[in-house]
Amino acid sequence: MSESTTGTGVVYQDLHPVNHPAVQQDTRDARTATATDAAQNLTEEPTASHALAQADIDEKGVAQLAHNADVKDLGWNEPSSKIPAPLVGGMDNEELWVLVRRFNKVSP
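For what it's worth, my numbering labels the leading residue of the sequence shown as 34, then goes sequentially.
As structure tokens, then:
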């Protein structure tokens, strides 16, 4: 147990010391962190979705083009033939739908 534990029980540092500020000496400002800096998995590499989200890519889809602050209706409920492609540069719209469905599931 860590020195900061008093009495019985454990502190967060005991459960997950890798991300604890006292153990993690080389902290970075979130505004300047890159996808690789932010990765905290076993291989310390960003996931494909994080890399795609943070990369400055040349090929931009319709959803990535400049638009006002309001949510842009890109035709989520329209037939696929009426939806501009690609919505996200470098990714087929069908791949995007798979990701949206996967992460938009409601837990029972």
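No residue lacks a Cβ here, since even glycine has one placed at the ideal position from N, Cα and C.
Residue i and residue j closer than 8 Å at C-beta
i	j	result
Ile116	Gly123	no
Asn110	Ala118	no
Closest by C-alpha distance to residue i, when choosing among the options
i	options	result
Thr92	Ala102, Ser114, Leu120, Arg135	With the sequence shown as reference, residue 92 is identified as Glu, and Thr is not the correct amino acid for it. Comparing Cα positions, the closest option is Leu120.
Ser113	Asn101, Lys138, Leu129, Asp103	Leu129
Three-state class that DSSP yields for residue i in the structure shown
i	result
Thr38	With a pLDDT of only 49 at Thr38, under the threshold of 50, the placement of this residue in the model should not be trusted, and no figure is reported.
His100	coil
Lys93	coil
Lys115	helix
Bridge partners - residue i, DSSP secondary structure assignment
i	result
Val121	Met124
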